[in-house]
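Asker:
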Amino acid sequence: MKLSFLTFLLAALLQVRFCAAADSTDTDVTIPTCGLKCILEIVPESVCSSITNLTCICTNEDVISDLSTCVYASCSTRDALSTKKYSDVSCGRSHEDNSLQIIVTTPLFGALALFIWILRLVSRYLTGFRATWGMDDWIMVPTVIASIPMTCLSWILAKHGLGHDMWMVDFDDITYILYLYYWDEILYLFVVPATKISILCFYLRIFPRRGFRIGAYALIVLNVLYFVAFEIITIFQCTPIPGAWLEWDGEYEATCRDVNLQAWVAAAVCIVLDVALIALPMPELWNLNLSMKKKVQVMLMFAVGIFVTIVSILRLQWLLVFAKTTNVTQDFVPVGVWSTVETSVGIICACMPAMRSLFATVLPKVFGTTHHKSQYPTGNSTSNNDKSTNDKSISSRIKVKSEFVISTSRTKAHDEGSFVELTPLDSDDEQHRHERKQSRFDFEWERQDTQKPAAPRESV
């Protein structure tokens, strides 16, 4: 009985001592009983000797390490966090605040993606919805709508403590942050594959070759399977489901799978699908009858998705760091930021072809299609010359099944020009064989070769 009373008295004195140090910063700080017991057991046996030697307790690394080990072994999660908060406030330790990254970065990229998508709608309106609106546009609508809450959630998460050390955040706010993160994961796992599917549908409007279309449809199926599989795994990551945001403190009974492993696998598969999406059209573009410079230009236009892949890799690296964290509300910031940036950049890349169309309409002198006349005869004056020119010409056309046509042409005799053109396709294919109408959203690269053809050698 005397020992219990003595322990209580020492604890009370220690509480007064620590509260006096913490009074100027936070008066609503208390230390749990388990934390007091660790201090009473470890400090007297340490170099600090006295429990009133606050300077030694706060600065000696060995004492801090021994106290941390004792607290995490003997205290519940909530009590351990409360003890950590009490220690930091009493010792006057500073705290890192990364909430500004969330408040600034994610809305910036989210707003930019939304703005680019609106410009895409304007482009479709100017060129005619009936003529240019396709399945890729339909898929992009719910994709953008789903990305908006991801951006808005950043403000709410920062308001409730995301970006601060976990022990400085109220317990109810920790639960709420994990609850919002649960829904954020579900939205992310929809937006990412949906963006890829939209781009693949755009590919299908351009490239008609059977082998290419089989590959495109295969990637669409893989992205759909990715969405279904990881959505189910994420939704049912804990049994019962509320364990995903309530199980963190160990007071809610739930069985949860390894969420970190799930996130790694999802990120790795996503990167593989990104690479496949970028690589798919490259053989088609490489076979175009163009100079090497122009091939590179066209391929770079279709390879803008590499930026999404880079962001995905950066996100995966932070997921590996996040797996080892004991400070969820602080270390989740980079993962959350890169996730939002990845979805926003993906939407921007998917809308870039439509941006070229809009710019060609608004600024035709800068982005519009241009043609250069050749200094050599074209052979159009007579039917015989026309036939001769056609025989000497090597041309390849990649015809769009519903809307566009990419065509390349090079004259063998004169090498008088080459271009790649993305133009609308009329319903009458025979009519289009003889007449290619330029549109406001043509993509064309032209090369004018000034070198004249070599004169024929004289016979000896």
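Using mature numbering (1 follows the signal peptide of the UniProt record, and there is no 0), the letters of the sequence shown map in sequence onto residues -21 to -1, 1 to 439.
C-beta: ideal position from N, C-alpha, C; glycine also.
It should be emphasised that the depicted structure is a prediction, and the values quoted were computed from it without experimental measurement.
Checking the sheet assignment: what are the DSSP bridge partners for Thr234?
Answerer: Looking at the DSSP assignment, Thr234 forms a beta bridge with Thr218.
Asker: Hey, quick one: how far does the alpha helix (DSSP H) through Met147 stretch, first residue to last?
Answerer: That residue, Met147, is in no alpha helix (DSSP H); it is neither H nor E in DSSP.
Asker: Between Thr288 and Phe186, what straight-line distance do the alpha-carbon atoms span, to the nearest angstrom?
Answerer: Distance between the alpha carbons of Thr288 and Phe186: 23 Å.
Asker: Please go through the same chain and pick out, in chain order, the residues whose beta-carbon is closer than 8 Å to the beta-carbon of Asp370, but skip the five residues on each side of it.
Answerer: The predicted position of Asp370 is uncertain, since its pLDDT is 44 and thus under 50; a value taken from the coordinates is nonetheless stated next. Within the same chain, Asp370 has no close Cβ partners at all.
Asker: Only counting the same chain, and skipping five residues up and downstream in sequence, which positions put a Cβ closer than 8 Å to that of Val83?
Answerer: Contacts found: none.
Asker: Would you report the Cα separation of Leu105 and Ala125, rounded to the nearest angstrom?
Answerer: Computed Cα separation, rounded: 26 Å.
Asker: What separation, rounded to the nearest whole angstrom, lies between the Cα atoms of Asp144 and Cys249?
Answerer: Those two C-alpha atoms are separated by around 30 Å.
Asker: Do you know whose CA, among Ile326, Ala92, Thr308, lies nearest Met147's CA?
Answerer: The option with the nearest alpha carbon to Met147 is Thr308.
Asker: Buried or exposed: Ile36, going by 16 or more other Cβ atoms within 10 Å of its Cβ?
Answerer: Result: buried.
Asker: By Cβ distance below 6 Å, which residues in the same chain neighbour Glu164 in space, the five residues on each side in sequence not counted?
Answerer: For Glu164, where only same-chain residues beyond five positions count, the Cβ hits under 6 Å are Thr213.
Asker: Among the candidates Leu225, Thr174, Pro332, Ile220, whose CA atom is the shortest distance from the CA of Phe206?
Answerer: Closest by alpha carbon: Thr174.
Asker: For Val251 and Thr305, what's the separation of their Cα atoms in angstroms?
Answerer: Cα-Cα distance, rounded: 30 Å.
Asker: If you draw a straight line from the C-alpha of Thr390 to the C-alpha of Leu179, how long is it?
Answerer: Low confidence applies here, because Thr390 scores a pLDDT of 41, under 50, leaving its location unreliable and the question unanswered by this model.
Asker: Can you grab the Cα-Cα spacing for the pair Leu168 / Leu259, in whole Å?
Answerer: Taking the straight line joining both Cα atoms gives about 22 Å.
Asker: Which class does Leu264 belong to by DSSP, given the choice of helix, strand or coil?
Answerer: Helix at Leu264.
Asker: In three-state terms, what does DSSP make of Leu259?
Answerer: Three-state DSSP puts Leu259 in coil, outside helix and strand.
Asker: So is Leu60 in contact with chain C if we call contact Cβ pairs under 8 Å?
Answerer: Although the question refers to chain C, the structure presented lacks it and comprises just one protein chain.
Asker: Between the alpha carbons of Cys70 and Ser25, how many angstroms are there, rounded?
Answerer: If I take the Cα positions, the gap works out to 18 Å.
Asker: Whole angstroms is fine: what's the gap from Val42's alpha carbon to Ser66's?
Answerer: In a straight line, the C-alpha of Val42 is about 12 Å away from that of Ser66.
Asker: Going residue by residue through the region 1 to 86, where are the continuous alpha helix (DSSP H) segments of at least 4 residues, counting only ones entirely within it?
Answerer: Counting only runs of 4 or more, we get 12 to 21, 33 to 38, 40 to 53, 56 to 70.
Asker: Please report the distance separating the alpha-carbon of Glu226 from that of Lys63.
Answerer: Cα to Cα, the separation comes out at about 20 Å.
Asker: Within 10 angstroms of its Cβ, does Ser78 collect 16 or more other Cβ (buried), or is it exposed?
Answerer: By the 10 Å Cβ count, Ser78 comes out buried.
Asker: Compare the Cα-Cα distances from Trp297 to each of Asp310, Leu240, Ile285 and report the closest residue.
Answerer: Selected option, being the one with the closest Cα: Asp310.
Asker: DSSP on Leu100, reduced to helix/strand/coil?
Answerer: Leu100 falls in the helix class under three-state DSSP.
Asker: Could you give the residue range of the alpha helix (DSSP H) that holds Pro128?
Answerer: Per DSSP, Pro128 belongs to the alpha helix (DSSP H) from 114 to 138.
Asker: Since Ile319 and Met129 are thought to touch, with beta carbons under 8 Å apart, how far apart are those beta carbons, to the nearest angstrom?
Answerer: The residue you asked about is not Ile; residue 319 is Thr in the sequence shown. Their Cβ separation, rounded to whole angstroms, is 6 Å, which keeps Thr319 and Met129 in contact under 8 Å.
Asker: Quick one, which of Ala195, Glu263, Leu136, Glu232 has its alpha-carbon nearest Val316's?
Answerer: Considering only alpha carbons, the answer is Leu136.
Asker: So is Arg294 buried or exposed if we call it buried at 16+ other beta carbons inside 10 Å?
Answerer: Burial call: buried.
Asker: For Thr85, collect the residues of the same chain with a Cβ closer than 7 Å to its Cβ; drop the 5 residues on either side in sequence, then sort them by chain order.
Answerer: So the qualifying residues of the chain are Thr130, Ser133, Val316, Thr319.
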